[in-house]
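Protein chains in written order, with our numbering: chain A, 80 to 692; chain B, 55 to 370. Think of the CB as a built atom: it goes at the ideal place given N, C-alpha and C, for glycine as much as any other residue. Remember, predicted model here, so these are calculated numbers, not experimental data.
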Amino acid sequence: MVVEHELLTFLEWLLPSQYGMGALLTFFLVVAILSVLFVILAYIFTSARHGPFEAFYVVAKSIATGVSDLVNTSPRRILAMARLAIMEAVRRKVLIAFVVFLAILLFAGWFLDAQSEHPARLYISFVLTATNYLVLLLALFLAAFSLPNDIKNRTIYTVVTKPVRATEIMLGRVIGFATVATALLAMMCVVSYVFVVRGLSHEHEVVAESVQDKRNAQGDVEGFTGETSLNSHHRHTFEVDAEGVGQTDVQMGHWHQVTTTKGPDGQSVYTLGDPQGQLLARVPIYARGPFPLRFLGRDGRPGDGISVGDEWTYRDYIEGASGARAIWTFQDVTENRFPDGLPIEMTIGIFRTHKGNIERVVRGELEVVNPETGFRSEPISFRPVEFEIFHLDVPRNVRVVDPATQLSRDGDVFEDLVAEDGRLEIWLRCAEPGQYYGVSRPDMYLLAAERSFFMNFVKGYVGIWLQMLVVVCFGVTFSTFLSGAVAMMATLATIILGYFSQFVVGVATRTIEGGGPIESFYRLVTQKNVSIDLEPGIGVKVMQWVDIGLMYLMQAAVAIVPSYGRFGTARYVAYGFNIDPNLLTQHAATCLAYVVAVTVAGYFFLKSREIAG
Amino acid sequence: MEAAAVEKSTPTAAAASAVGADVVIETRNLSKTYHDFWGRPKVLALKALDLEVRQGEIFGLLGPNGSGKSTTIKLLLGLLFPTKGQAYVFGKEATNVKNKERIGYLPEESYLYKFLNAEETLDFYGRLFDMPAQVRRDRIKSLIDMVGLQWAKRRQLREYSKGMTRRIGLAQALINDPDLLLLDEPTSGLDPIGTREMKDLILRLRDEGKTILVCSHLLPDIQDVCDRIAILHQGELKELGRVSDLLRVEKVTQIRARGLSDEAKEEIRAVIARHGGEVDGIENPTATLEQLFLEIVQDSEARPGRRAAGASDGKK
Ligand SMILES: Nc1ncnc2c1ncn2[C@@H]1O[C@H](COP(=O)(O)OP(=O)(O)O)[C@@H](O)[C@H]1O
Ligand SMILES: [Mg+2]
């Protein structure tokens, strides 16, 4: 699944709203807290050197200098430093990273060619993930070693004895390395795109013997069916109408257009087009509002969905052939947005209580309901494939049922089924007794549009770009006061912490068993399983106290480290969902916040550092 | 140049004399202790240095290796923070960024980016002074001409010899036409011609009104050019004053003459004896090796290809 939590619009996210205090306020709050901590620490360190009175003056003065340095920062100097950083990167042969990338793709071409349900997802997530790691690694190396090298070679002496501000040294490096990484990323993006499109493209031929007439109830020929050849580990069946136009079934996430021409001897020649439906950028409209998804129990009364165990915990289940319903409420459904009716797409998990043909489809029904008047469409039945996105068009002209009379008449979706305020409900029912449908909020959406896949692919790379920028900032900042290798390790630690933030929070909040770091280590050494209680004693107590302290620290660290995992939007691209501009702008703003905060911190570290010491 | 015994004079006498607006560098009780990784004091590199360098003078900082000369310069540039005391340059604290616009610094070794060529190097440092493109271009050209690297300006610095690196280092120190020059061992790694040129350049820059602080362990370099010197030893100031005052040997009188016969020399001895003086020696002076070298090179440039035989005849 792609969307775990409701996506706010950029402004809802940024400013205080019903959803919380907003990112901007949070940012200032965090920055304020950290700055105070920072100043206190700086004061303590300075008093150790200069005594408490002098320290007060020193700290105040360095803050004042910081402001004046910022004001006097010159673009020309920043660019000069950036140019130098670029030349340095080129001299350190960063282009090798690109060669490595090409080599990875070359090998990937072999093992990605295996049998897979969804080759497109595999290809796309592979290239995006490979690029992601490679570029972050590159950013890490570039950023962490540059300044320490300059300090080691003392080339920094000739730089800082010019009227160069620490801001310019920081920004120059960040901009320079970001430029290099951007150029590489752009090249990788183009190459990956070609790799994905070429890797997924294939052709089928029609197996002539398989073609059969397709007759209607009266026995008239109304088209043909047939099979295609086996290519790229799969074959399709297809149907064409009497004119010879049709399409294949969906295999491995795609289908082909079929056209017919007449051969020289008058026989039909069927041709299949390029694979369709695997490189998409769908724009979904999800259920929103106070109760985006609610349930009716088996007795038809409001209730919760059923949980069927640990698996798929985020889905709730409704029982088949009962009063149980899953009800999504959509907002702002207007004629303008959907002039031709409602294009509905859904993914459904199926839980079978009795053994049977696992391949057998479990029928379902849905109704479109006006939440204000209670008018509903006649049930539309469908046959979902489990965990596959299933498309269903509700046309504008539908039969609607009047709740008062239970009589049906011809109606219009927007006139009869959408409330005045633009709300609309979709009720889902499982039609087979003894089976369950599992659904979650984002499982059902209205398909508002399809956008360019290429642009979405590029947006996926923008997500990587943002991560790269943050890594460069962290790397440069750490390298202002640590040696190259240590700065690299520290930056790597933030990346790892950022990627596994969920896990670390889990450990810290004790939702993951086995205790904190020391207890885990103790268990590891003594080979005690996480479920065994440790014998109470003073040693164990001390260990657990220290662990609690450590875990608070870890939680604090996780809270301020960027969660790189969130920036990664590869899933959207791979699953064929358009990356919402709101999401991208939120990520960009978060990233900017980190860039600013981390760079400012780096400035003060560099400024307070004794360059020749 | 004769070696002469240096008379003791009190360091404070000269230092206390001039106080005013024309003081470019001032240090008060300036001390530096280097600490090791654990913060324990390791080296006492500079002890309570009080110094004033005035506008328009060449000030020499003299001392054996490890006496704290470079440490002093780094403190004046804000590359190091003083452990105790203060360092003021142009009346502001040494760490002040604005100061750097008026300072040129030649480090003891040229710490330059090896992957840049001479032009790129100067261009880079020019940009750091926020110099407009045209000014930068003109300045780069004249500086490369001045340090005599026209022929190698497109070569990466990694291919430069020590002396060439020194020259480009000097050019980079002058890129901003500084008011104050801090030169750390400016003649190290230079051949005698380069040394001579460097000394001439230092004098010329002084005549242009710049203030220059030179530090060196090569005594002849300092003696030639400096107006005032300070002698450091193990981080302590041992001597401070005008070179001419410090080197004047009050009790010795030197007479130079040409075309004297042996009888005449005997007569002079007699005159000195009559006045109660004591003759240290009457002899023909020897040229310094430096003079000899310079003559040979000049001669060979004038008549290339020939072994310069005439120089060994002892022209002086
Ligand atoms: N970064 C440093 N760390 C520790 N000791 C240093 C450092 N730099 C210089 N020193 C020590 O300080 C003393 C003075 O050094 P320096 O100022 O470089 O001497 P000079 O330039 O006169 O030769 C020497 O004993 C030297 O070993
Ligand atoms: Mg030195």
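With 5 Å as the limit between CB and the heavy atoms of ligand 1, the residues that fall short of it are B:Tyr88, B:Val97, B:Ala99, B:Asn119, B:Gly120, B:Ser121, B:Gly122, B:Lys123, B:Ser124, B:Thr125. As DSSP reads the structure, Met425 of chain A sits in a beta bridge with A:Phe469, A:Met523. Between Thr125 of chain B and Ser164 of chain B, the C-beta spacing is not below 7 Å. The C-beta of Arg170 of chain A comes closer than 7 Å to at least one C-beta of chain B.
Residues of chain B whose Cβ lies closer than 7 Å to the Cβ of Met267 of chain A do not exist; the shortest such Cβ separation is about 25 Å. Asp299 of chain B and Leu103 of chain B have their alpha carbons spaced roughly 21 Å apart. Annotation for Asn310 of chain A: His281, Glu282, His283 place their beta carbon closer than 7 Å to its own, counting only its chain and skipping 5 residues before and after. Taking the C-beta atoms as reference points, Arg455 of chain A is found no nearer than 7 Å to Glu444 of chain A. Annotated three-state conformation of His312 of chain A is coil, per DSSP.
Within the same chain, Met622 come within 7 Å of Tyr601 of chain A by CB-CB distance, once the 5 residues on both sides are set aside. Under the three-state reduction of DSSP, Arg502 of chain A is assigned to coil, being neither helix nor strand. Residue environment: Ile285 of chain B is assigned as buried (16 or more neighbouring CB atoms within 10 Å of its CB, all protein chains considered). Across the set A:Glu306, A:Arg688, A:Pro474, A:Asp522, the C-alpha of A:Glu306 shows the shortest separation from the C-alpha of Val329 of chain A. Gln291 of chain A: member of the beta strand (DSSP E) spanning 291-294, first to last residue. Of the heavy atoms belonging to ligand 2, at least one sits nearer than 6 Å to the Cβ of Glu162 of chain B.
The beta-carbon of Lys292 of chain B is placed no less than 7 Å from the nearest beta-carbon of chain A. Taking a contact as a CB-CB distance under 8 Å, the pair Asp238 of chain B and Arg156 of chain A does not count as one, their CB atoms being some 24 Å apart. Phe256 of chain A sits close to Ala222 of chain A, with the two beta carbons spaced by under 7 Å. According to the DSSP secondary-structure assignment, Lys253 of chain B is paired through a beta bridge with no residue. Within chain B, Tyr165, Tyr167, Lys168 have C-beta atoms less than 9 Å from the C-beta of Asn232 of chain A, given in sequence order. Cβ neighbours of Gly542 of chain A within its own chain (closer than 8 Å, five residues either side excluded): Phe646, Gly647, Thr648, Ala649, Ile658, Leu663, His666. Beyond the five residues adjoining it in sequence on each side, Arg431 of chain A comes within less than 6 Å, by CB distance, of Gln514 in the same chain, given in chain order. Chain B has no Cβ within less than 7 Å of the Cβ of Val253 of chain A. In the displayed model, Asn476 of chain A falls within a strand according to three-state DSSP. Here Arg462 of chain A has Val440, Arg442 as same chain residues with Cβ atoms under 7 Å from its own Cβ, once five neighbours each way along the sequence are excluded.
Beta-carbon to beta-carbon, Ile429 of chain A and Gly517 of chain A are separated by about 7 Å, close enough to satisfy the 8 Å threshold.
DSSP lists B:Leu236 as the bridge partner or partners of Tyr159 of chain B.
Listed in chain order, the positions of the segment 235-247 of chain A with a beta carbon within less than 8 Å of a beta carbon of chain B are Ile235, Tyr236, Thr237, Val238, Val239, Thr240, Lys241, Pro242, Val243, Arg244.
By the CB criterion at 7 Å, Pro371 of chain A and Thr408 of chain A fall inside the cutoff. About 6 Å separates the Cβ atoms of Pro136 of chain B and Leu129 of chain B, confirming a contact at the 8 Å cut-off. In the structure shown, Gly145 of chain A adopts helical secondary structure according to DSSP, grouped into three states.
One alpha carbon belongs to Tyr393 of chain A, the other to Ala168 of chain A, and they sit about 46 Å apart.
The straight-line gap separating the alpha-carbon atoms of Leu234 of chain B and Leu267 of chain B is approximately 8 Å.
Annotated as distal: Tyr167 of chain B and Thr559 of chain A, with beta-carbon spacing of 7 Å or more. Residues of the segment 670-683 of chain A with a C-beta atom less than 8 Å from some C-beta of chain B do not occur.
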